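**Q** One line per chain: the protein sequences are A and B, in this order.
One point on numbering: in the working numbering, the residue at position 190 of the first sequence is 190, and numbering is uninterrupted.
Count along the second sequence from 1, then add 390; that gives the number in the working numbering.
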Amino acid sequence: MTPRRGTPDGRLDVDALIGDRATRIIVCCGSGGVGKTTTAAALGLRAAEQGRQVVVLTIDPARRLAQSMGLERLDNSPRTVKGVDETAGGRLDAMMLDMKRTFDEVVEAHADPVKAQQILDNPFYQALSSSFAGTQEYMAMEKLGQLRARADADGTWDLIVVDTPPSRSALDFLDAPTRLGSFLDGRFIRLLSAPAKAGGRAYLKVFSAGVNLVTHTMTRLLGAQVLTDVQTFVAALDTMFGGFRERADATYRLLKASGTSFLVVAAPEPDALREASFFVDRLSQDAMPLSGLVLNRVHPAGTTPISGQRALAGAEQLADAKEHTLTAQLLRLHAEREQVAERENALAKRFTAAHPDIPVARVPTCAEDVHDLDGLREVGQGLAGRNVAG
Amino acid sequence: MPEAARDWDGVRLHVVTGKGGTGKTTVAAALALSLASGGRRVLLAEVEGRQGIAQLFDVPPLAYTERKIAGYGGGEVRGLAVEPKGALLEYLQMFYKLGRAGSMLEKVGAIDFATTIAPGVQDVLLTGKVYEAVRRREGGRPVYDAVVLDAPPTGRIARFLNVGTEVVGLARVGPIRSQADSIISLMRSPQTAVHLVTLLEEMPVQETLDAVEELTAARLPVGGIVVNQVRSAVLPAKRLVAAAKGRLDPGEVAAGLRAVGLPDGEDAVAGLLREAATRAARVALEKRERAAVEACDRPVYELPALASGVDLGSLYGLAELLHQQGMS
């Protein structure tokens, strides 16, 4: 059931993945600083130029990457990317997530105007919607749900590529929506607003001894005014109760659906691969459709028929003889490069030993950052394993 | 031999941040080791639940208790993984002597609320523990000569340290608020330095420059910039230029290969020349980025790329390099 896209040699076949019309959502996840956003953008561009109608949802792109896709500002709605080769009949739209705006829209869509304004004006809501560590994750999923609904309704897109927020841990992205959803629907928030709410009464009986203690402590800790803000917020949010949990659940189901594909992105470093391992385990535990691992910034072994060890020995011999300094330097460079390639290869092998059925795409490192669509095309070729060696 | 002047005398809290993947945990660990030399006691704390310190020092996962993880030059480094729940319970115990209420709070989800949902509270708890460690005294002197914090990445650092701002709109009075105020005054004092780790690549350097700006705007003291994973050029400048332009002499290279009995065919020579051109491009990029780093007008330290990766042994080497450059 899990759509692994491996070639017989364990390589992730990215072109098969994006070429399959049944693939409707691709989620790029992984720890910070591994090139998730670039990977998402490059995949989106490649798919569009192969004829798919694509929208890429980026979370927090580096300025230049955003500019390369013509995203100059954060306006929370998809814009068509210019300069894409549309001869195959495809198209690329891209957007940056504005999490506060997205949250506001959810509120506006689910409450009458007066109540919505009360919520938007509430200090607790304002803090929650702009700074809670899980809000970004939750809103990314909310936006994904919206894009998918629009795609289903009018066929605007047949592929959505999602970048995930730069969480402290790659797993936050799966857990945060549920956490926020269950908080907003949960018993604690009801307890805070308890005395006024009939629904809380049975519950109160059980915990009556504790309730005063809890509210008393919270008041001492946070100050009475915070509790008042929270209570006002909850009261205003009353009509939306249940909605949050359901929405989080719906998004979770969408992620598990057969048209969804997860790509775990990592760099050939111990930390990033450890995080990738956790993520792979978690995805399989939750029966999420994982397609494979994208290993970015790989230093490929050279095409030179000289091993690192022989190069080093040769360099030392030449240095001792104090001749052929140019060759000695080139050999030293080569030896260093081979050593890096070997280390990275060992790390990749260790990952594959632990996860033998996860196909891997290795994307060679490039010295310069992506500035334009050509740069993204090059990354896309690397993803598909069609790069020229060098 | 006279001790080189140290750049951060008087600083007791070293905050180390950097873009993801730049090696900030490695740099924080090396800095902690090098600060410990000379018989001092240093605390190395992490706050993101990644257990990066334990991995690096090859010790069992750290808990919410301080534990010796390394000795160096007569001093010692202790490790601590701060997590919000532990910090909150400790805080409640310390200030409110909460026994039963603590578990009651846990049961109804109040602890979860405070540690994961309530905006800004988590950061107050995490930085609060660090604050406590910096200020802790025993027998009339500080328990730690220095505290090194392996902090969240540059994208979040100003917000993380500037704990006042988020709580400000929310809690205008109350203990959480006054706790936030005490923390922020330590963070802004000359006892704190926020060091930034970067690579000589565009994105990390850009993030570093952005962070310097943000920290300055938040009145948080920017420390040094640690340029990590610097590769040696291997080739002298003149040859790098020639390599970039494809003007190195293939015949000369082949002759050298022949002299030591290595394959000297066209593919071998072309491969080596291509690698030289790649390195030349990389060095040119690093030069541009280094100029941008230096324009920040902060002390700059450099650590080499380690082709075989970072292990405990090389960590001591990096600590020594930071010391030689006056960072500790």
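All C-beta atoms, glycine included, are put in the ideal place defined by N, C-alpha and C.
Since the structure is predicted, the reported quantities are computational estimates derived from the model, not experimental observations.
1) Going straight from the alpha carbon of B/A453 to that of A/R148, what length do you get?
2) Whole-angstrom Cβ separation of B/L551 and B/T517, contact assumed at under 8 angstroms?
3) Is A/R101 near the ligand HEM, in the sense that its beta carbon is under 7 angstroms from a heavy atom of that ligand?
4) State yes or no: is the beta carbon of A/E142 nearer than 8 angstroms to at least one beta carbon in chain B?
5) State the start and end residues of the unbroken alpha helix (DSSP H) segment that holds B/I566.
6) Please report how far the alpha carbon of A/Q381 lies from the alpha carbon of A/A88, in whole angstroms.
7) In the structure shown, what three-state DSSP assignment does A/L80 receive?
8) Report the rounded CA-to-CA distance for A/T325 versus A/D175, giving the unit in angstroms.
9) Extract the residue ranges of the beta strand (DSSP E) inside the region 521-550 of chain B, only unbroken runs of 3 or more that lie entirely within it.
10) Using beta carbons (cut-off 8 angstroms, strictly below), is A/Q146 in contact with chain B?
11) Is there contact between the region 628-643 of chain B and the region 571-586 of chain B, where contact requires at least three CB pairs shorter than 8 angstroms?
12) Counting along the chain, where does the alpha helix (DSSP H) carrying A/R362 start and finish?
13) What does A/L333 touch in chain B if you count any residue whose Cβ is under 8 angstroms from its own?
14) Chain B beta carbons: is any one of them nearer than 8 angstroms to that of A/L255?
15) CB B/A695 to CB B/V620, shorter than 8 angstroms?
16) Looking only at DSSP bridge pairs, what is B/Y462 linked to?
17) Spell out the partners DSSP gives B/P694 in its beta bridges.
18) Check whether the Cβ atoms of A/E336 and B/A697 lie closer than 8 angstroms to each other.
19) Quick test of the definition: if touching needs 3 or more C-beta pairs under 8 angstroms, does the region 277-289 of chain A touch the region 252-269 of chain A?
20) The alpha helix (DSSP H) with B/T582 in it runs from where to where?
21) Report yes or no: is there a C-beta of chain A within less than 8 angstroms of the C-beta of B/V401?
22) List, from N- to C-terminal side, the alpha helix (DSSP H) runs of 4 residues or more that fit wholly inside the region 422-454 of chain B.
23) Short of 7 angstroms in beta carbon distance, which residues of its chain neighbour B/A422, apart from the five on each side in sequence? Order them along the chain.
24) Using a Cβ-Cβ cut-off of 7 angstroms (strictly less than) and excluding sequence neighbours within five positions of B/V595, which residues of its own chain qualify?
25) Which residues of chain A have a Cβ atom closer than 9 angstroms to the Cβ of B/E522, listed in chain order?
26) Using a Cβ-Cβ cut-off of less than 8 angstroms, give me the residues of the region 63-82 of chain A that come near chain B, in sequence order.
27) Over what stretch of residues does the alpha helix (DSSP H) that includes A/S277 continue unbroken?
28) Please check the pair B/I615 and B/T407, which I expect to be a contact at CB under 8 angstroms, by giving their CB distance rounded to whole angstroms.
29) Considering only C-alpha positions, which residue in the set B/D448, B/D397, B/D399 is nearest to B/S704?
30) For A/V114, count neighbouring Cβ atoms within 10 angstroms of its own Cβ and tell me buried if that reaches 16, exposed if not.
31) How far does the beta strand (DSSP E) with B/L638 in it reach, from first residue to last?
32) Of the residues B/I566, B/G410, B/G707, which one's Cα is nearest the Cα of A/R220?
33) Would you say A/E137 reaches chain B, if we count a Cβ-Cβ gap shorter than 8 angstroms as a contact?
34) On the three-state DSSP scale, how would you describe B/T407?
35) Using the Cβ count rule (16 or more neighbours within 10 Å means buried), how would you classify B/T668?
36) Quick one, are the C-beta atoms of A/L295 and A/A348 less than 8 angstroms apart?
**A** Result, derived from the coordinates:
1) 42 angstroms
2) 7 angstroms
3) The ligand HEM is absent from the structure shown, which contains no ligands of any kind.
4) no
5) 565-577
6) 17 angstroms
7) Inspection of the sequence shows that residue 80 of chain A is occupied by Thr rather than by Leu. In the structure shown, A/T80 sits in a strand (DSSP, three-state: E or B).
8) 57 angstroms
9) 536-540
10) no
11) no
12) Where A/R362 is concerned, there is no enclosing alpha helix (DSSP H), although the beta strand (DSSP E) it sits in stretches over 360-364.
13) V624, L625, L662, E665, A666, R669
14) no
15) yes
16) B/G465
17) B/V620
18) yes
19) yes
20) That residue, B/T582, is in no alpha helix (DSSP H); its beta strand (DSSP E) goes 582-588.
21) no
22) 442-447
23) V432, L434, V467, V538
24) T588, E679, A682, V683
25) Residues of chain A passing the Cβ test: none, with the nearest at roughly 17 angstroms.
26) R63, R64
27) 270-285
28) Actually they do not touch by this definition, with Cβ atoms about 11 angstroms apart.
29) B/D448
30) exposed
31) It is not in any beta strand (DSSP E) - B/L638 carries neither H nor E in the DSSP assignment.
32) B/I566
33) no
34) strand
35) buried
36) yes
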